[in-house]
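Residue numbers (my numbering): 1045 to 1294. Reading through the structure tokens given below for one structure.
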Amino acid sequence: MQDANRTVLFTALVVVLLSTTRVTPITAGQGENMNYLPFSKSLLRPFKLKRIKVPEDLRSGRAINVAGVQIQEEKAAGVENEGEGSIHRLVFSGRNLSGKTWRVGAPAASYYDALYEGDLDRNGIRDLTLAIRTGGNGLAPSTRLIFLTFDRKGDPTLFEATGYYQLESHGILDVADLDGDRRAELVHMVFDDGYWITNVYRVRESRWSRVMGRFANLRFPLYTRFTNRPNHKPVKPAGGRNPVAPSLLK
């Protein structure tokens, strides 16, 4: 009888502990990666951008015009109706400074959030950034960014990145000026094999490149070990670990 009472008491104690113990899940929603930024957040000098609300017309298939760029969802040629698994593309089109037409595209999305306008590479031509919610949970990246940057002739370059970017009213936290040259860089973080990996991409005359080695008094890529609390100390991956961050460049 005493053994039975002990069993009941132990079971009740376990239930109480499970109901009151807070378990910290491994998640990385929008901006959560900043808990593992391997340098001071003060180095993320704000790069001011003009935020523009995405009109409902874009979601309905109608064209919108922003800064001389037409943006429209288009259905793939040869597909008659939605039931046949139509594939939509998001098409950007316009004219360069010589009047020549251009047209570039990317996969369409469901959760268009905001457009940002600003001269990312400081070449005198305004660039566009489209922010899209992915709907991802847990460690799935929360935001997709489509950058449309222009060279001095007005010809476009399209660059995409999907990550944990934090959208703000006057810019994107992860699109910042790290080295103080008044041009934008993208801080891109991914999680792999127990580590957060931080890379930087910079844009020069509309072209994006990945920083390798010394930049802004740091050496990229940088690695931060995952812990149950914020950790900003860069380290070398331990033996037997091989955290990898695929390049965003195509």
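Each residue gets a CB set at the ideal place from its N, CA and C atoms; glycine is no exception. All of these numbers come straight from a predicted model, not from anything done at the bench.
Taking just the CA atoms, how far does ASP1163 sit from GLN1116?
-> Along the sequence shown, read from residue 1 onward, the residue named residue 1116 stands at position 72. Along the sequence shown, read from residue 1 onward, the residue named residue 1163 stands at position 119. Roughly 22 Å between the two C-alpha positions.
LEU1102 and TYR1156: beta carbons closer than 8 Å?
-> In the sequence shown, the residue the question calls residue 1102 occupies position 58. In the sequence shown, the residue the question calls residue 1156 occupies position 112. Yes; because the gap between Cβ atoms is below 8 Å, this pair is in contact.
What span of residues does the alpha helix (DSSP H) with ASP1101 cover, start to end?
-> As a position in the sequence shown, residue 1101 is number 57, starting the count at 1. 1100–1103 is the span of the alpha helix (DSSP H), which, as asked, contains ASP1101.
Terminal residues of the continuous beta strand (DSSP E) containing ALA1228?
-> Position 184 of the sequence shown, counted from the start, is the residue given in the question as residue 1228. Premise fails: ALA1228 is in no beta strand (DSSP E) and is neither H nor E.
Return helix, strand or coil for LEU1088, following the three-state DSSP convention.
-> Numbered from its first residue, the sequence shown carries residue 1088 at position 44. Coil at LEU1088, not helix or strand.
Residues near ASP1236 in its chain [Cβ-Cβ closer than 7 Å; skip 5 each side] | Against the sequence shown, residue 1236 aligns to sequence position 192. Taken in chain order, the residues that qualify are PRO1287, VAL1288, ALA1289.
Under 8 Å, do ARG1170 and TYR1239 count as touching if we go by C-beta distance?
-> If you number the sequence shown from 1, residue 1170 lands on position 126. If you number the sequence shown from 1, residue 1239 lands on position 195. No, these two residues do not count as a Cβ contact at 8 Å.
Sort LEU1088, VAL1098, GLY1179, GLU1212 by Cα distance to ASP1225 and report the nearest one.
-> Mapped onto the sequence shown, residue 1225 falls at position 181. Closest by alpha carbon: LEU1088.
Using a Cβ-Cβ cut-off of 8 Å (strictly less than) and excluding sequence neighbours within five positions of ALA1107, which residues of its own chain qualify?
-> For this step, residue 1107 is matched to residue 63 along the sequence shown. Within the same chain, and ignoring the five residues on either side of ALA1107 in sequence, the residues whose Cβ sits closer than 8 Å to its Cβ are ASP1101, GLN1114, ILE1115, GLN1116.
Environment of HIS1214 [buried if 16+ CB atoms lie within 10 Å] = On the sequence shown, position 170 is the one that residue 1214 refers to. Exposed.
Can you tell me which of GLY1168, ASN1243, VAL1219 puts its alpha carbon nearest to the alpha carbon of LYS1197?
-> Numbered from its first residue, the sequence shown carries residue 1197 at position 153. Nearest of GLY1168, ASN1243, VAL1219 to LYS1197, Cα basis: GLY1168.
Go through its chain and collect everything with a Cβ distance to LEU1057's Cβ below 7 Å, but skip five positions before and after it.
-> Your numbering for residue 1057 matches position 13 in the sequence shown. With a pLDDT of only 42 at LEU1057, under 50, the local geometry of the prediction cannot be trusted, and the value read off the model is given with reservation. Result list for LEU1057: empty, nothing under 7 Å.
Where do the ends of the beta strand (DSSP E) carrying PRO1200 lie?
-> For this step, residue 1200 is matched to residue 156 along the sequence shown. It spans 1200–1207 - the beta strand (DSSP E) in which PRO1200 sits, taken as one unbroken run.
In angstroms with no decimal places, state the Cα-to-Cα distance between THR1071 and PRO1090.
-> Taking the sequence shown and counting its residues from 1, the one referred to as residue 1071 is at position 27. Taking the sequence shown and counting its residues from 1, the one referred to as residue 1090 is at position 46. Note that THR1071 has pLDDT 41, beneath the 50 cutoff, so the model's placement of it is unreliable and the number below is only indicative. So the two alpha carbons sit approximately 26 Å from each other.
Evaluate contact between the stretch 1269–1276 and the stretch 1243–1259, counting only Cβ atoms and requiring at least three cross-stretch pairs below 8 Å.
-> These segments do not touch.
Select from PRO1274, LYS1277, VAL1231 the residue whose C-alpha is nearest the C-alpha of PHE1259.
-> Within the sequence shown, numbered from 1, the residue matching residue 1259 stands at position 215. Residue VAL1231 is the option with its Cα nearest to PHE1259.
Boundaries (first-last residue) of the beta strand (DSSP E) holding SER1253 | As a first step, residue 1253 must be located in the sequence shown, where it is residue number 209. That run of the beta strand (DSSP E) goes 1251–1254.
To the nearest angstrom, report how far apart ALA1028 and LYS1119 are at their CA atoms.
-> With the chain represented from 1045 up to 1294, any question about residue 1028 goes unanswered, as that position is not in the structure.
Tell whether a beta-carbon distance below 8 Å holds between THR1032 and THR1178.
-> The question about residue 1032 has no answer here: the residues shown for the chain are numbered 1045 through 1294.
To the nearest angstrom, report how far apart VAL1234 and LYS1092 are at their CA atoms.
-> Taking the first residue of the sequence shown as position 1, residue 1234 is located at position 190. Taking the first residue of the sequence shown as position 1, residue 1092 is located at position 48. Spanning the two alpha carbons is a distance of roughly 24 Å.
With a CB to CB cut of under 7 Å and the five nearest residues on each side skipped, what residues in its chain are close to ARG1251?
-> The sequence position of residue 1251 within the sequence shown is 207, counting from 1. By the criterion of a C-beta distance shorter than 7 Å, ARG1251 is surrounded in its chain by THR1201, once the five residues flanking it on both sides are discounted.
Is ASN1243 helix, strand or coil when you go by DSSP?
-> In the sequence shown, counting from the first residue as 1, residue 1243 sits at position 199. In the structure shown, ASN1243 sits in a strand (DSSP, three-state: E or B).
Quick one: what does DSSP say ASN1077 is sitting in, helix, strand or coil?
-> What you label residue 1077 is simply residue 33 of the sequence shown in a count that begins at 1. Of the three classes helix, strand and coil, the one that applies to ASN1077 here is helix, per DSSP.
DSSP state of PRO1278, grouped into three classes?
-> Reading the sequence shown from its first residue, position 234 is the one you call residue 1278. In the structure shown, PRO1278 sits in a strand (DSSP, three-state: E or B).
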